[in-house]
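Using the UniProt record's numbering, the letters of the first sequence correspond one by one to residues 1 to 238.
Note sheet for the following structure.
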Amino acid sequence: MGTEEHQGRSGEFTMEDVPNQLPTTGIELAKLRKGSWTREEDILLKACVEKYGEGQWHRVPSRAGLRRCRKSCRLRWLNYVKPTIKRGVFEEDEVDLIIRLRGLLGNRWSLIAGRIPGRTANDIKNYWNSYLGKKVVSSDVIKVKLGASSQKPHLQRSRHLSADAGEGLSGGPPSVIKPRPRNMCKRPLLSQEINGRRDVSCCHVQMPSATDQRPADEGDPWLWLRHLLEEEGEYDQH
DNA sequence: AAGCGGCTCAACCGCTTTAGT
DNA sequence: AACTAAAGCGGTTGAGCCGCT
1 MGTEEHQGRS GEFTMEDVPN QLPTTGIELA KLRKGSWTRE EDILLKACVE
51 KYGEGQWHRV PSRAGLRRCR KSCRLRWLNY VKPTIKRGVF EEDEVDLIIR
101 LRGLLGNRWS LIAGRIPGRT ANDIKNYWNS YLGKKVVSSD VIKVKLGASS
151 QKPHLQRSRH LSADAGEGLS GGPPSVIKPR PRNMCKRPLL SQEINGRRDV
201 SCCHVQMPSA TDQRPADEGD PWLWLRHLLE EEGEYDQH
């Protein structure tokens, strides 16, 4: 990324930084920008989302005065501008969680991200592809050499798994749960904003409905994980 | 000090899914 | 039922960084 462009690593900006002049004409807005986001663009995007709430991304470019497509705006918000995003190195428990969830869910990065507060799907995906995948695969190789792997052929490959991203990791998941990750409802995100509370862990993914018939985990936020891992243990026994 | 190669991560692309009409 | 627009996702790319030689 460009060093001259806004990298945002310092993270902080205020509304005072918003420039007065905005590109508001159709001609200006028609020229879509690509590439790295500038500090000013981040400020405009943040101001827009704070004002109107998340959602209706197709309106964000015109509302914010940004020469970006709705996809770019959404992605930038979710991966960078959003205040709840956690940056820095992955902690040990986060890594452990990623490995387990990835083994269980496959490359459903958004679902995995939904279980790890503050982390984005892009972050996790990048982390996996650049580090964890190799690490897990290499440990898997060791397991195979030790004769620990007894993977069943019919369980080895999911259509959803990429060819090189460490499929069948850690002995390979027995099967990949493929819940419906979609949350197409237009209102919840806005209502969350109105309520003055954003929760990164629930904004864009739903609990796996198809396989998740268990009651809501009101008291213990990690109850779902315990259930998940218990089920994983059952699988291992078969 | 310079060159090189690998790594990181922000961003883009293409596709699928869903909602609305 | 068919079509369209919008949202969301995973895969991929590429610029910049960093460490090694």
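Using N, Cα and C, we set each Cβ at its ideal position, and we do this for glycine too.
Since the model is a prediction, treat every value here as computed from it, not as a measurement.
Rounded straight-line distance, which links the Cα of residue j to that of residue i
i    : j    : result
Y127 : W37  : 22 Å
R87  : A47  : 21 Å
K51  : R76  : 17 Å
G114 : I98  : 11 Å
N122 : N79  : 7 Å
L45  : P117 : 22 Å
R108 : K34  : 27 Å
C73  : W57  : 7 Å
L111 : D42  : 26 Å
K125 : F90  : 12 Å
G106 : L132 : 14 Å
R119 : E40  : 24 Å
R70  : E54  : 12 Å
Assigned exposure category for residue i - 16 Cβ within 10 Å defines buried
i    : result
S130 : exposed
L32  : exposed
R68  : buried
V49  : buried
R59  : exposed
Original post:
Can we say the segment 86 to 103 touches the segment 53 to 64, given the rule of at least three CB pairs closer than 8 Å?
Top reply: They do not touch, by the three-pair rule.
Original post:
Do the segment 75 to 91 and the segment 102 to 109 make contact, defined as three or more Cβ pairs closer than 8 Å?
Top reply: Contact fails: fewer than three Cβ-Cβ distances are below 8 Å.
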